[in-house]
Each structure stands twice: as structure tokens, then as C-alpha cells.
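Participant: Quick mapping for you: the protein sequence lines, in order, are chains A and B. Quick note: the first sequence uses the numbering used here, first residue 1, plus one each step. Quick note: the second sequence uses the numbering used here, first residue 1001, plus one each step.
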Amino acid sequence: MHIVTLDPSKGHELEAGVVVVGSGPAGAAAAFAVAQAGLAPLVIEEGALFEPSRLGQDGFRALSQLYRDLGGSLTSGPAPTPFLQGRAVGGTSVMNGAISWRLPKHVHEEWCRDDPSLEGSLPFDLVETVTDEVETRLNIRPTPPGIAGRNNELLAQGAQNLGLEHRPISRNVRGCEGRGQCIEGCPAGRKLSMDRSYLEAASVLGARVLPETTVLAVEHDGRRARGIIARTRGGHPLRIRAKVVILAASAVQTPVLLLRSGLVRPPTGFGFQAHPGVSVSGFFEAPVEVWRGATQGHEVIGLVHEGIKIEALGFDRAIASTRLLGVGQRLEEAMAQLAHYAFFGAAIRARARGRVSVGLRGKPRVEYSLLEEDLSKMRRAVSVLGQLMLAAGAERVFPGVHGFAAEVRHPVAMQAIERTGRLSPRAYQSVITHMFGTARMGSVRESAVVRPDFRHHDLDRLYVADSSVFPSNTGVNPQTSILALATLCGREVARAQA
Amino acid sequence: MIGWLQFERVWLRTLIDVILPGPIDVRPEFWAELERASPPLLRIGLRIDAWLLGSWVGLLSVQRRELYLDALSRSRFYLPRQLVFTAKLVACFARSSQETDDAHRHFGSIEGS
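(1) Taking CB distances under 9 Å as the criterion, tell me whether A/Ala406 reaches chain B.
(2) Would B/Phe1030 pass as a contact of B/Gln1098 if the rule is Cβ separation under 9 Å?
(3) For the beta strand (DSSP E) that contains A/Glu219, what are its first and last residues?
(4) Could one say the Cβ of A/Gly262 lies closer than 9 Å to chain B's Cβ atoms, at least one of them?
(5) May I have the straight-line CA-CA distance separating A/Ala207 from A/His2, to the nearest angstrom?
(6) Three-state secondary structure (DSSP) at A/Glu299?
(7) Does the beta carbon of B/Leu1042 sit closer than 9 Å to a beta carbon anywhere in chain A?
(8) Determine the direct distance from the alpha carbon of A/Leu459 to that of A/Arg265, and round the result to whole angstroms.
(9) Count the other CB atoms within 10 Å of the CB of B/Glu1008; is the residue buried (16 or more) or exposed (fewer)?
(10) Using the Cα positions of A/Thr75 and A/Arg365, report the straight-line distance between them to the nearest angstrom.
(11) Grab the span of the beta strand (DSSP E) containing A/Asn172 for me, first residue to last.
(12) Taking only the alpha-carbon atoms, compute the straight-line gap between B/Met1001 and A/Leu488 and give it to the nearest angstrom.
(13) Find the residues of chain A that neighbour B/Ala1050, judging by a C-beta separation of less than 9 Å, and give them in chain order.
(14) Grab the span of the beta strand (DSSP E) containing A/Arg241 for me, first residue to last.
(15) Do A/Phe344 and A/Ser279 have their C-beta atoms closer together than 9 Å?
(16) Determine whether the Cβ of A/Glu332 lies closer than 9 Å to any Cβ atom of chain B.
(17) One question on the structure: do A/Val290 and A/Tyr341 come within less than 9 Å of each other, judged by their Cβ atoms?
(18) Could you name the residues of the same chain whose beta carbon sits closer than 6 Å to that of A/Pro276, not counting the 5 residues immediately before and after it, in chain order?
(19) Is A/Ala484 helix, strand or coil when you go by DSSP?
(20) Sorted by chain position, which residues of the same chain lie with C-beta nearer than 7 Å to A/Ala318's C-beta, five sequence neighbours on each side aside?
(21) Write down every uninterrupted run of the alpha helix (DSSP H) in the stretch 258–337 of chain A whose length is 4 residues or greater and which is fully enclosed by it, in chain order.
(22) I'd like the list of long-range same chain contacts for B/Ser1109, defined as Cβ closer than 6 Å, with 5 residues on each side in sequence excluded.
(23) Using 10 angstroms around the beta-carbon of A/Thr136, count the other beta-carbons present and answer buried if the total reaches 16, otherwise exposed.
(24) Using a beta-carbon distance below 9 Å, is B/Arg1047 in contact with chain A?
(25) Step through the CB atoms of chain B and report whether any lies within less than 9 Å of the CB of A/Pro52.
(26) What do you get for A/Thr5, buried or exposed, if any count of 16 or more other CB atoms within 10 angstroms of its CB means buried?
(27) For A/Phe315, go through chain B and note every residue whose CB falls closer than 8 Å to its CB, in chain order.
(28) Look at the alpha carbon of A/Ser369 and the alpha carbon of A/Pro80, and state the distance between them as a whole number of angstroms.
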């Protein structure tokens, strides 16, 4: 990869044809598409470049090095919820489960119902064609049984016994050894995260990557983007003049950049959607060793139509320990038997919409509260997760819902949570992993931030490529959809520049 | 944000010892990394942990410490539950960090021998 290094002890002024802000899936795919057209983009990334062998040491180090805010960025609202974002060259792709889903057709249909112009500018067939390219480039294949590991096998067994549709998860890996460390960054470098796929390919075509640089705002003259203003690793000012700026910094960071650049017209920052997730642990007589096998290698898809997507969850010992019951001697005893615990999780397609604005010291402030219907889904998800555990042979299940039994041994009791679980966000220990919609795409200026060709409605030569442009959440893992749409964004930029 | 004061570390350390009574050697590097990487809200939460829980738990008899923290972790109020969860998170990270360091030292010495 062509990494640019700047003297951190002084300020700099640079020039570039196309600047891409963010090196995660959106930035990497847009940069690659632009580079294919011979435009040699400069990709700016706030995080550092990590060598695979330096990763995967333990949960705490992974969180502190690869995750924004130690994985502790919190929404504001009645129950502050952590939202996980990567901060490294490759973005969140470095520390996610490598799960791949195509954009569901029904989601695309919803988008087109809201804005019929998308049918023409973003036809489903085109998204499908580009997704095929993404799948080929990232070697996306179902997880083979040989590396699944016991945790994934148990989810399959539970789903089979309950009659729920399930399958191995398709992932962007090559030669996966099943080390169970995807979310700490694969120490063997087997995950085809952006730093090991799209960015490398873009570099071959002339793209450059500038890590450890914080973009502060887009520079513009009110009509068109002129470049970006940033801060170097050493805290000195950096100005980059560019013909085109592509924002690909995530559905949280991108609206903040727009707002800090004076582009404050609603709905910028509004319409934030997410997939809040919950997890359940279960104790099995035989060892599970959740840290062995593909981190997330199996999923239950039988409830996706309800907005509930279930996955096996592999954690390292530190993170898994925090999900165990009790404190003191009881916690020590549970930790001594950690190998016997399995973890399943569910992502909820929540209807709630929140808002991203500029908070203290220019940082993002994410206001987000789940609706009652979302909480109903959440407690149903917990109920099904527990039933899956028991159907797979768990002796005991720990739902982790405040106000409900701490430990459950019978499916009937687990079903009860669907009726009696509290409809309060404070009753659940949830985590947000996918975010959307804060600079939504649409043909009507009043209700959208970018046009259907990804160009900002008010500013020429400014594009948004990340999941901010998605009109809604997708109900499934969005990395592949982001890659597909960002590829189309990059091609639009290339076409416009040509 | 100022770094951890010595007595704050002692209070938080007391809390960690109640949550995970097994031996943990919390090294200065761990505190430094925790301070560097934590977002403001987490830093504030940890300080509330130290001041509200850590200082107070230290005044209880050893037998009662665990009982009270366990009760707080199941409190009907959200804040105490979250405070105990945050402290538990840090305790588990501290343990894991130490185990990793020990493993590296062990394997390092094998490689070096």
C-alpha cells in the first residue's frame, strides 16, 4: 500500500485530484473505483495502519488500538448505548466479523417507494451487478464446517431443533484458520479487510493513503468543494486542495463533517438509524471454547423478515467475561468455567430515528431512543436466543435482561420473556454496530442531503459514499451494500470528472 | 482531562479487587492506556466509580463488599447497575491485559532461551 508520511512537527499544504475522507469499506471502494479511472485519489484516515501480527493480543488492546473511543462511544438518550466504529486504515472492516450480505430486495423496494427516482438512478439490477464484483474481489464464501467451531455448531443445532432457517455466514476471508479473533483484528491477516483488499488494489492504480490524520471540515466557496482542512498526527494544520471531495467517514462522522463545514441544512444529521444488538449467554456441560473457530460463522435467517437477525458471537476472554453473572467469587468461578459458555447475538432492524449533531469540542453527539416496537423486537430476540441455546443443549441460559430471571433452564420460561420482558431500553445491555441515514440520498432537495448520483445537493464536487446516504437501515450486515454503493459513487465521480 | 490521581487509582483498584478477587497485577501501562483511549463519558463514569463506589466499598468489611456490589449490580436503578458494569468491564480488561503480558513474557523468554 502506498502510505504517505508527513513530517508531524509542522503544518502542510497538499494538492490532490480527489480526496477521500475515510478508509473503511465506503472510502476504500470509492477510492478504488476512482483509481480505476486513473484519478489517483488521496485517502485520509484518522487511525493508524496495523500489521496483522501486532493485532489480536487481547480484547482490551484491540479495543484501545482499533476502535474509536475504546468501543465506548455512547449515544445520548434514556439508555446511553455504545456504538462500535473502527479507527484504523481499513476502518471497521479491520475489526468486524467479516459478515457479508447483499442488499435485500425488499429494502431497495422500500427506498424506491419513498423516492421513485431511485428506481432509475439506482436500479436493483445495477446494485446486484456491482455486488457480484464485490463478492468476487473479497472472496465472499460461506464459512466451511472445518473452521466453524463449537459455538457456531451449537447455533446451527439449536436452529435446526427449533425449525428456524439457518446457514453458515458468508464472509470476506481467504484461508481463514478459525482463530476466533475477527473482532480484535485477524492476527493471521486472513480477513480481506479494506487494508488487505480494496486499498491495496487502489494503491497499485495510483491511490495513496494518509493515516493518522483528522479531517476537520470541507473547504468550499458556497458553490463547490475546494478541499479539506485537517490536523496532522502532530496536531499541526493540514490543508489539502482538491478538485473533488468524497466523504466516507461513516454515518456518524460524515454528518458532523458536513455540519462543521457550514452545510447545516436539514436533513443533514437527521434520520439516524441503526441495528441495536443484544446477546445471550448459555452454559453447556461440554466445553464450547467460544474463542475457537470462526468468530461469527453461523446465522439464523428465519426471522429476518421480522427485523431480527441472529448470529453466533465469538468473544475473547475479556469481553466474554463481562457477560458473566455476578461479581467477586461468583464471577471468578464463572470465569474459571468460561470455556463452557456459548454466546449468541441478535441485531434488530429498529424503526427509531435519531439525530447526529456536533457536540462538545466538535465531537459527534448521537441522540437515539428506541421505540416501543423496537423494544418488543428486542425482547422477542432475547427470547429466541435463549430458546436456541436451550434447544442446542444448554444447561442454563443467562438472558441479561434487568427485571427478568437472571438464569433460565426451561424453554417455557424463556418464551415468557417475550410477554413479560420490560419495554424499557434500560433493561437491556445492547450495543449498536451498524449506522445509516444521516445524509440520505434522494431527488428532492428538501428531504435529502445528496442527489441520487451521490453528489451533495448544495455543493458541487462534494460526494458522500458511506451508509449516511442509505435512506434506511437494511436489517442485515451492511458492509457489502456499502461497498457496492460506494463503488457506484466512485464511478459517478470518475464519470463527472471525465 | 487530568490523569488518574493516586487515591483515585487506589479506590478503583479496591473496586477491581472486589469484582475479581483473584490476583491481578494492574500495571501503570494499563492505567495510561485506559486514560488515553477512553472517551470523556467513560472517564467520567470511571471517576464516579472510584469516588462513589471505590471509596465507599473500601470502608466495608471484606465479607460485605461483595454482597453490596452484587446488590448494586441488580439495583432497580439504572445508574448503579451501569456503574458496577463499567467497573466490571475495567476489571476484566485489567485481568486480560495482565494475562496477555504474562503470556508474552513467557513466550518471549522461551524464544530468547
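Every residue gets a Cβ at the ideal spot worked out from N, C-alpha and C, and that includes glycine. Note that the coordinates shown come from a computational prediction; the quantities given were computed from them, not determined experimentally.
Facilitator: The answer reads as follows:
(1) As a working note, residue 406 of chain A is residue 406 in the first sequence. Cβ-Cβ to chain B under 9 Å: yes for A/Ala406.
(2) For the purposes of this step, residue 1030 of chain B is taken as the residue at position 30 of the second sequence. For the purposes of this step, residue 1098 of chain B is taken as the residue at position 98 of the second sequence. Yes, these two residues count as a Cβ contact at 9 Å.
(3) Working through the first sequence from its first residue, we reach residue 219 of chain A at position 219. Taken as a continuous stretch (DSSP letters only), the beta strand (DSSP E) holding A/Glu219 covers 214–220.
(4) For this step, residue 262 of chain A is matched to residue 262 along the first sequence. Cβ-Cβ to chain B under 9 Å: no for A/Gly262.
(5) The residue you call residue 207 of chain A lines up with position 207 of the first sequence. The residue you call residue 2 of chain A lines up with position 2 of the first sequence. Answer to the nearest angstrom: the Cα atoms are 7 Å apart.
(6) Along the first sequence, read from residue 1 onward, the residue named residue 299 of chain A stands at position 299. DSSP places A/Glu299 in strand when its eight states are reduced to three.
(7) Taking the first residue of the second sequence as position 1, residue 1042 of chain B is located at position 42. Output row for B/Leu1042: interface = yes.
(8) Here residue 265 of chain A corresponds to residue number 265 of the first sequence, with the count starting at 1. Here residue 459 of chain A corresponds to residue number 459 of the first sequence, with the count starting at 1. Cα to Cα, A/Arg265 sits roughly 12 Å from A/Leu459.
(9) As a first step, residue 1008 of chain B is located in the second sequence; it is residue number 8 there, counting from the start. Under this definition B/Glu1008 is a buried residue.
(10) Residue mapping note: residue 75 of chain A aligns to position 75 of the first sequence, counting from 1. Residue mapping note: residue 365 of chain A aligns to position 365 of the first sequence, counting from 1. Roughly 7 Å separates the two Cα atoms.
(11) Within the first sequence, residue 172 of chain A is the residue found at index 172, counting from 1. That run of the beta strand (DSSP E) goes 170–172.
(12) Along the second sequence, read from residue 1 onward, the residue named residue 1001 of chain B stands at position 1. Along the first sequence, read from residue 1 onward, the residue named residue 488 of chain A stands at position 488. Here the model assigns B/Met1001 a pLDDT of 47, short of 50, so the residue's position is not dependable and the matter cannot be decided.
(13) Taking the second sequence and counting its residues from 1, the one referred to as residue 1050 of chain B is at position 50. None at all; the shortest Cβ gap to chain A is about 16 Å.
(14) As a working mapping, residue 241 of chain A is identified with position 241 in the first sequence. Run containing A/Arg241: 237–247, per the beta strand (DSSP E) assignment.
(15) In the first sequence, residue 344 of chain A corresponds to position 344, counting from 1. In the first sequence, residue 279 of chain A corresponds to position 279, counting from 1. The answer is yes: Cβ separation under 9 Å.
(16) The count along the first sequence starts at 1 and reaches residue 332 of chain A at position 332. For A/Glu332, the answer is yes, since a Cβ of chain B falls inside 9 Å of its Cβ.
(17) As a working note, residue 290 of chain A is residue 290 in the first sequence. As a working note, residue 341 of chain A is residue 341 in the first sequence. Yes, these two residues count as a Cβ contact at 9 Å.
(18) If you number the first sequence from 1, residue 276 of chain A lands on position 276. Taken in chain order, the residues that qualify are Ile348, Ala350, Ser430, Ile432.
(19) Locating residue 484 of chain A in the first sequence gives position 484, where the first residue counts as 1. Per DSSP, reduced to three states, the secondary structure at A/Ala484 is helical.
(20) As a first step, residue 318 of chain A must be located in the first sequence, where it is residue number 318. Hits under 7 Å: Asp58, Gly59, Phe60.
(21) 317–321, 329–336
(22) Counting from one through the second sequence, the residue named residue 1109 of chain B turns up at place 109. Because B/Ser1109 sits at a pLDDT of 43, beneath the cut-off of 50, its placement in the model cannot be relied upon, and the point is left open.
(23) Taking the first sequence and counting its residues from 1, one reaches residue 136 of chain A at position 136. Under this definition A/Thr136 is an exposed residue.
(24) By 1-based counting over the second sequence, the position of residue 1047 of chain B is 47. No, no contact with chain A.
(25) As a position in the first sequence, residue 52 of chain A is number 52, starting the count at 1. No, its Cβ sits nowhere closer than 9 Å to a Cβ of chain B.
(26) The residue given as residue 5 of chain A occupies position 5 in the first sequence. Under this definition A/Thr5 is an exposed residue.
(27) The count along the first sequence starts at 1 and reaches residue 315 of chain A at position 315. Under a criterion of Cβ atoms nearer than 8 Å, no residue of chain B is adjacent to A/Phe315; the nearest Cβ is some 11 Å distant.
(28) Counted from its first residue, the first sequence places residue 369 of chain A at position 369. Counted from its first residue, the first sequence places residue 80 of chain A at position 80. Each residue's alpha carbon lies about 9 Å from the other.
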